[in-house]
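Protein sequence lines correspond, in order, to chains A and B. The opening position of the first sequence corresponds to residue 1 in my numbering, with each subsequent residue numbered one higher. The opening position of the second sequence corresponds to residue 1001 in my numbering, with each subsequent residue numbered one higher. We put the CB at the ideal spot given by N, CA and C, even for glycine.
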Amino acid sequence: MKSEQWLHAHYEVSFEELCELSGLSQAELRELVASGVLVPTDPAAQEWSFSADRLTMARSARRLRRDFDLDPGAVALVTALLERIRDLEAEIRDLRARLPGAMR
Amino acid sequence: MKYKDYYGVMGVDRKASAEEIKQAYRKLARKYHPDVSKEPGAEEKFKEVGEAYETLKDPEKRAAYDQLGSHRPGQDFRPPPGWERHFGSGTFSFEDLDLGDLFAGMGGGMHRDGRAGAGIRMPGQDYEVTAHITLEDAYRGTEVDLELGVPELDENGFVHRVRRAFKARIPKGATDGQRLRLPGRGGKGLNGGRDGDLYLNVALHPHRLFRVSGHDLFLDLPLAPWEAVLGTTVQVPTLAGTVSLKVPPGTHAGQQLRLAGRGLPKPHAGEGDLFAIVQIAVPSVASERERALYQELAEVSTFNPRGHFAQEGAK
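So this is what it looks like as structure tokens:
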């Protein structure tokens, strides 16, 4: 059995892997790429690959599509907004860590 | 079998129309969906809502559910005679069956993710779980014991939820919010489909001393006023034990003194840094002698910390 795999920027997954592991269809993944939500490591490459942390995002997109019955455009929009929230939360976490304890 | 009040969970009347049920589901899903909700217990709540909706949105399942009558949630009850006909042939005991699992299996499906028709290759279910570990564990790498309620098929093809214990290794290099995929550690695939994966979400317990951002750590470093002015060498805690840190003369409050490579190890190579954030600590009670020395200092010093304020007024 393969060992554990980190889902972060140091590792890559192929388009097919992302498709299989996220449960999104190829068309849905292409829609996410076309709308700029999902960016391949090299968009000009013949075969796309993605940073492994994008799998987390793609899986979330799949759940949202299923549980809210969203069309591909809505999936892209919701996912883009969620990503922004996650980025902002990460920034807040980072700023909090830098604040001296007495000031938090 | 334990009764579940699906109408109650969805907050709708037993006579609610399909449209009303759908509306109620959308509202609750927006509130509790684990991907969008910050409510405590959202995931559990969403599971309940999802289960209720799966049954009530399907006219056939809803009719079968309605035949059970109305009981108190959690109450043990027996379905009316012949009720099991809804679930195909075969006899089975209702004793340890879960109502939600029973309905999920109705019509030959095993999970709302997909249908397990005869002979169709179906990948196993993915499991997702959060592992709460200490900062020390993240630093060294650790093994965690997890318990998960997972669906399993019995010999009659009915789904049962069973508690399964997992051991999972979290190699060093993890930090808060990072995810690990453990291939093949999820549910078993059917008819030659691949096994599901286990997704592990790492969450760090807050630490008494260190705050974490990515692989960097932040530590408050209180200094006495004279230490900050004169400079000193202090002992600071790190995850690998105490180290000496040189504090240069004239160190300001808020200054970050970097201890390179003393943060969390990164999973591929290298490690984060530890930043000691200087605070000037002042004794709340000063002795007579100390007060006298401060008084003397105040008279001797020409230092004006507010020189950048307006020309006049502020002092």
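- The contact set of A:Ser-60 on chain B, defined by CB atoms closer than 7 Å, consists of Asp-1035 in chain order.
- Our two residues, B:Lys-1038 and B:Lys-1031, have alpha carbons roughly 9 Å apart in a direct line.
- Taking a contact to require three or more Cβ pairs closer than 8 Å, the segment 1206 to 1213 of chain B and the segment 1298 to 1307 of chain B do not qualify as touching.
- Within chain B, no residue has its beta carbon less than 7 Å from that of A:Gln-26; the closest one is some 16 Å off.
- Counting only unbroken stretches of 3 or more residues, the beta strand (DSSP E) elements lying wholly within the segment 1139 to 1225 of chain B are 1142 to 1153, 1159 to 1170, 1179 to 1182, 1198 to 1204, 1210 to 1213, 1216 to 1223, in sequence order.
- The three-state reading of DSSP puts A:Glu-4 in coil, since its state is none of H, G, I, E or B.
- Residue pairing of B:Met-1122 in beta bridges, as defined by DSSP: B:Leu-1190.
- The three-state reading of DSSP puts B:Ser-1244 in strand, counting E and B together.
- Among the residues facing chain B, A:Arg-65 is not included, as its CB has no counterpart in that chain under 7 Å away.
- By the neighbour-count criterion, in which a residue is buried when 16 or more other Cβ atoms sit within 10 angstroms of its Cβ, B:His-1215 is buried.
- Leaving aside the five residues that flank B:Arg-1185 on each side, the residues in its chain whose CB is nearer than 6 Å to its CB run, in chain order, Leu-1198.
- Excluding the 5 residues flanking it on each side, B:Pro-1237 has same chain C-beta neighbours closer than 8 Å at Leu-1209, Leu-1219, in chain order.
- Of all residues in the segment 38 to 56 of chain A, only Ala-52, Asp-53, Leu-55, Thr-56 place a beta-carbon less than 9 Å from a beta-carbon of chain B.
- A residue is called buried when at least 16 other Cβ atoms come within 10 angstroms of its Cβ; B:Val-1285 does not meet this threshold and is exposed.
- In its chain, beyond the 5 residues on either side, Gly-1173, His-1215, Gly-1272 have a beta carbon closer than 8 Å to the beta carbon of B:Lys-1266.
- The three-state reading of DSSP puts A:Phe-68 in helix, counting H, G and I together.
- If you draw a straight line from the Cα of B:Gln-1067 to the Cα of B:Lys-1045, it is about 25 Å long.
- Approximately 4 Å separates the beta-carbon atoms of B:Gly-1193 and B:Met-1122; this is inside 8 Å, confirming the contact.
- Taking the Cα positions, A:Leu-55 is about 36 Å away from B:Ile-1277.
- If you look at B:Arg-1291, you'll find it in the alpha helix (DSSP H) that goes 1288 to 1300.
- Per DSSP, reduced to three states, the secondary structure at A:Val-13 is strand.
- If you check each beta-carbon in the segment 1172 to 1187 of chain B against every beta-carbon of chain A, the ones closer than 9 Å belong to Gly-1173, Ala-1174, Asp-1176, Gly-1177, Gln-1178, Arg-1179, Leu-1180, Arg-1181, Leu-1182, Pro-1183, Gly-1184, Arg-1185.
- Rounded to the nearest angstrom, the Cβ distance from B:Asp-1101 to B:His-1160 is 6 Å, consistent with a contact under 8 Å.
- For the set B:Leu-1217, B:Leu-1257, B:Glu-1290, the Cα lying nearest the Cα of A:Asp-94 is the one of B:Leu-1217.
- The way I'd put it, the segment 1005 to 1018 of chain B doesn't touch the segment 50 to 70 of chain A; fewer than three beta-carbon pairs between them come closer than 8 Å.
- Contact note: A:Gly-101 reaches chain B through Asp-1220, using a C-beta cutoff of 7 Å and chain order.
- Boundaries cannot be given for B:Val-1282, as no alpha helix (DSSP H) includes it and DSSP labels it neither H nor E.
- Rounded to the nearest whole angstrom, the CA to CA distance from A:Leu-82 to B:Ser-1244 is 43 Å.
- Neighbours of B:Ser-1213 across chain A, judged by C-beta separation under 9 Å: Ala-90, Arg-93, Asp-94, Leu-95, Arg-96, Ala-97, Arg-98.
- If you ignore the 5 residues before and after B:Glu-1136, its C-beta comes within less than 8 Å of the C-beta of Leu-1239, all in its own chain and listed in chain order.
- For B:Ile-1120, no CB of chain A lies under 7 Å from its own CB, so it is not counted at the interface with that chain.
- Rounded to the nearest angstrom, the gap between the Cα atoms of B:Glu-1147 and B:Arg-1014 is 35 Å.
- For B:Gln-1235, the enclosing beta strand (DSSP E) has its first and last residue at 1232 to 1236.
- Chain order gives the chain A residues near B:Gly-1050 as Asp-67, where near means a beta carbon separation below 8 Å.
- The Cβ atoms of B:Val-1144 and B:Gln-1178 do not sit closer than 7 Å to each other.
- B:Arg-1062 has its alpha-carbon roughly 6 Å from the corresponding atom of B:Thr-1055.
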